[in-house]
Structure formats: structure tokens, C-alpha cells
Amino acid sequence: PKARLKEGLALAETGAITSSIDSSDGLAWSLHEVADASGVGFLIEDIPVAPEVKEIAERCGLDPVELSLYGGEEYELILTIKPELWDEVERIMEEIGTPFTIIGRVIEERRLVLKIDGRIEPIKRRGWEHFRSKQ
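Using the working numbering, read the sequence shown as starting at 17 and increasing by one per residue.
This is the structure in C-alpha cells:
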């Protein structure tokens, strides 16, 4: 995994970023952390799933969306962006040459949900916890 330091520093200078975290503890866990700290929720509508993850999931009988939500160690940036500065963020990411995906939006209701196949499902607070006791 590669930490997105260059991207984070460049985007911080725009003033467009309202929160950020990396996904090293899993996408779901990281989203819950941001939501709790900010007093908001998220509606997630697009989970990026790498072709390799789809292939492994199919071979092992696993759900690729579950793997993408609850796995970890990706070190990708998760950002919330001021809508009025979105074009600036898009321009910078294109200049740097780093692909990015809009996965959802902030909602007022304090819950995390995934919209998939027309259904709304809760996103569990699951992921990697570094200091969790085994008791």
C-alpha cells in the first residue's frame, strides 16, 4: 500500500477538504469514525471494487462489496469535500494523475447506509482495531 501524502498535501491547500482519514482500518470503520467525529451520517452509493478483489471473491464464495467495506490496509484517502470547491479538487487530482471515486454523500441523519440494488442497508461498524483486547 502507498500512503497518499502528495495528494493529501495538495488537497489540503485548497481549503476544500472538511474531513479526511485513511482507509487502513477498513472503509466502513473509517467512515464511522468520521461520522461520529462530525455528527453526521453517510449514504454510500458506489463502492469501488478492484477487479482482483472481484476475482478472489468469486473464487472463494465471498461478497466483493463486503470485502471492500470491511477489509483494511489500503491506505487510501477518504475525504469530505465542500461541494462548491469540487471542480478544484477534480483538477488537482487529474494534474497529479491519481484516480478517485465519489462513493456517496454526507447526510444529516447520524447513520451509515449503503444503497445497493435499490435497497438501503446499514453499514456495520466493523474493521480493524489495533488495540482491541481479545477478551
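Every residue, glycine too, gets a C-beta built ideally from N, C-alpha and C.
Source: prediction; values computed, not measured.
* Nearest neighbour of Ile-118, chosen from Lys-70, Glu-71 and Asp-103 [CA to CA] -> Ile-118 has its Cα closest to that of Asp-103, out of Lys-70, Glu-71 and Asp-103.
* Asked: When the Cα atoms are used, what is the spatial distance from Gly-42 to Asp-62?
  -> Straight-line spacing of the CA atoms in Gly-42 and Asp-62 works out to 16 angstroms.
* Could you give the distance in angstroms between the alpha-carbon of Lys-131 and the alpha-carbon of Ile-139? -> Taking the straight line joining both Cα atoms gives about 10 angstroms.
* Considering only the beta carbon of each residue, do Ala-28 and Leu-101 sit closer than 7 angstroms? -> Result no, Cβ atoms of Ala-28 and Leu-101 do not sit closer than 7 angstroms.
* Pick from Arg-126, Ala-44 and Leu-85 that is closest to Ser-54, judged by C-alpha positions -> Of Arg-126, Ala-44 and Leu-85, the residue nearest in Cα terms is Arg-126.
* **Secondary structure, beta strand (DSSP E): runs of 3+ residues fully inside the region 94–135** => Counting whole runs of 3 or more residues, the region 94–135 contains the beta strand (DSSP E) stretches 120–123 and 128–132.
* Euclidean distance between Cα positions of Lys-98 and Gly-87 -> Cα to Cα, Lys-98 sits roughly 28 angstroms from Gly-87.
* Asked: Count the other CB atoms within 10 Å of the CB of Ala-66; is the residue buried (16 or more) or exposed (fewer)?
  -> Classification of Ala-66: exposed, given that the 10 Å Cβ count is below 16.
* For Gly-57, which of helix, strand or coil comes out of DSSP? -> Per DSSP, reduced to three states, the secondary structure at Gly-57 is strand.
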